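Residue numbers are given in the UniProt record's numbering: position 23 of the sequence shown equals residue 23, and the series is strictly consecutive. We put the CB at the ideal spot given by N, CA and C, even for glycine. As the structure is a computational prediction, the values presented were derived from the model and not from experiment.
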Amino acid sequence: MSPETVINPTVRLVTVEADYAGQRIDNFLMRELKGVPKSRIYNLLRRGEVRLNKARVKPDQKLAFGDIVRVPPVRVAVREGVVVPGGLDSSLRSAVLYEDEGLIIINKPSGLAVHGGSGISLGLIEALRQMYPEQRSLELVHRLDRDTSGCVMVAKKRSVLKQLHELLKARKGVDKRYLALVAGKWPVRKQQVNAPLQKNVLNSGERMVRVELEGKKSLTEYTVISRISGATLVEARPVSGRTHQIRVHCQYAGYPILGDDKYGDDQANANFKQLGLKRLFLHAHSLAFTLDGRRINVQAPLPSDLEKILEIGGSEL
Numbered sequence: 001m002s003p004e005t006v007i008n009p010t011v012r013l014v015t016v017e018a019d020y021a022g023q024r025i026d027n028f029l030m031r032e033l034k035g036v037p038k039s040r041i042y043n044l045l046r047r048g049e050v051r052l053n054k055a056r057v058k059p060d061q062k063l064a065f066g067d068i069v070r071v072p073p074v075r076v077a078v079r080e081g082v083v084v085p086g087g088l089d090s091s092l093r094s095a096v097l098y099e100d101e102g103l104i105i106i107n108k109p110s111g112l113a114v115h116g117g118s119g120i121s122l123g124l125i126e127a128l129r130q131m132y133p134e135q136r137s138l139e140l141v142h143r144l145d146r147d148t149s150g151c152v153m154v155a156k157k158r159s160v161l162k163q164l165h166e167l168l169k170a171r172k173g174v175d176k177r178y179l180a181l182v183a184g185k186w187p188v189r190k191q192q193v194n195a196p197l198q199k200n201v202l203n204s205g206e207r208m209v210r211v212e213l214e215g216k217k218s219l220t221e222y223t224v225i226s227r228i229s230g231a232t233l234v235e236a237r238p239v240s241g242r243t244h245q246i247r248v249h250c251q252y253a254g255y256p257i258l259g260d261d262k263y264g265d266d267q268a269n270a271n272f273k274q275l276g277l278k279r280l281f282l283h284a285h286s287l288a289f290t291l292d293g294r295r296i297n298v299q300a301p302l303p304s305d306l307e308k309i310l311e312i313g314g315s316e317l
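Here it is, written out as structure tokens:
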């Protein structure tokens, strides 16, 4: 049998603070029971071991200030701790683009998932929680695909997280801009792709997104920045925030992003691989928004490996 440890050794009655009002109870428990698998937390909720104001509760129930949550003791198999490698620790510390008392914006490297799961033991948020143990409320504000580099917001406070989520829901609350190198000659006059997106799961289990009439409304605005032989560098601004939105909209427009193994063009990818492109050419290069009366405008420079591709390709403008 695997050795076990007890997380939260005794029953605790936790009073919900103002910062956590409005949070779903499943997410609240993931913070209170760090290290307990998500599936186990849902099992505790189903079995009624977690109580909200002495009553059974569903995972999507939102908490109110002053609520009393019964948090039970939990036995879990001991896992070897995942340590943040020294190189990742130093690279993430040097990748901080902006920081204040409630927010960190970090220039995430390509290849690092924003969170662990599906065979990934250490993502950006887990690394940051280990690096900043005094920050007990670190939460991702939004996500980037694993292969996409650039600006990611991480809230230090629940109140900041809630404010930023409200801004992200607003049509132009957060101005997010990406740089993408796409196959072919994107027309200057093509300034937007307005096509509904639907999530699908293939038989292989791979998650895919497609343009479908019954999908969710999705709009991306585009500006041509420069051209190189066989490709165009565009700036993409997602007005909506759907999964894989920019990648699928580029594919739908007929100009897929280079280095995209899921939605790209195999021949174009092969051509640019010979030039040294080893990853998805998509970079979240800027964020701009107003928070608590302060205008925050952050830019992440294009990584050197992507700059090199542009240099090798030469300019056509």
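Item, Value
"Where Asn297 sits in the DSSP three-state scheme", "strand"
"Among Asp100, Ser94, Arg75, nearest to Arg295 - alpha-carbon criterion", "Asp100"
"Whole-number beta carbon distance between Phe289 and Gly259, since they are thought to touch under 8 Å", "Contact flag wrong, Cβ pair sits at about 29 Å."
"Spatial distance of Ala127 from Asp89 (CA atoms)", "8 Å"
"Sequence ranges, alpha helix (DSSP H) only - wholly within the segment 43-76, length at least 4", "none"
"Inter-residue spacing [alpha-carbon to alpha-carbon] between Ile104 and Ala284", "15 Å"
"Spatial distance of Val16 from Met30 (CA atoms)", "14 Å"
"For Val36 and Pro73, the rounded distance between their alpha carbons", "11 Å"
"Ala195 beta carbon less than 8 Å from that of Val209", "no"
"Identity of the residues DSSP links to Gln198 by a beta bridge", "Arg210"
"Assigned exposure category for Arg56 - 16 Cβ within 10 Å defines buried", "exposed"
"Ala231 burial status per 10 Å Cβ neighbour count (16 or more: buried)", "buried"
"Same chain, Cβ closer than 8 Å to Asn53, neighbours up to 5 away in sequence not counted", "Asp67, Ile68"
"Sub-8 Å separation of Thr148 and Ser91 beta-carbons", "no"
"From Glu307, His142, Leu310, Gln130, residue whose alpha carbon lies closest to that of His244", "His142"
"His249 (DSSP reduced to helix, strand or coil)", "helix"
"For Glu139 and His249, the rounded distance between their alpha carbons", "28 Å"
"Rounded straight-line distance, which links the Cα of Leu122 to that of Glu80", "Because the pLDDT of Glu80 is 49, which lies under 50, any placement of that residue in the model is unreliable, and the number read from its coordinates should be weighed accordingly. Each residue's alpha carbon lies about 12 Å from the other."
"Cut-off 8 Å between Cβ atoms - residues of its own chain near Val71, not counting five sequence neighbours on either side", "Asn8, Val11, Arg12, Leu13, Val14, Leu29, Glu32, Leu33, Val50"
"Integer-rounded CB distance, given that Ala183 should sit under 8 Å from Asp265", "5 Å"
"Ala253 beta carbon less than 8 Å from that of Lys190", "yes"
"Contact under 8 Å by Cβ, Ile106 with Val152", "yes"
"Length at least 4, wholly inside the segment 144-187: the alpha helix (DSSP H) runs in chain order", "158-169"
"Status (buried if at least 16 other CB within 10 Å, exposed otherwise) for Arg177", "buried"
"CB contact flag (Leu219, Val239, <8 Å)", "yes"
"Exposure of Pro256, with buried meaning 16 or more beta-carbon neighbours within 10 Å", "buried"
"Residues near Leu44 in its chain [Cβ-Cβ closer than 6 Å; skip 5 each side]", "Val50"
"Under the three-state DSSP convention, the category Ser229 falls into", "coil"
"DSSP three-state assignment for Phe289, whether helix, strand or coil", "strand"
"Terminal residues of the beta strand (DSSP E) in which Ile105 lies", "103-108"
"Gln274 classed as buried or exposed, judged by whether at least 16 other C-beta atoms fall within 10 angstroms", "exposed"
"Leu122 - DSSP class collapsed to helix/strand/coil", "coil"
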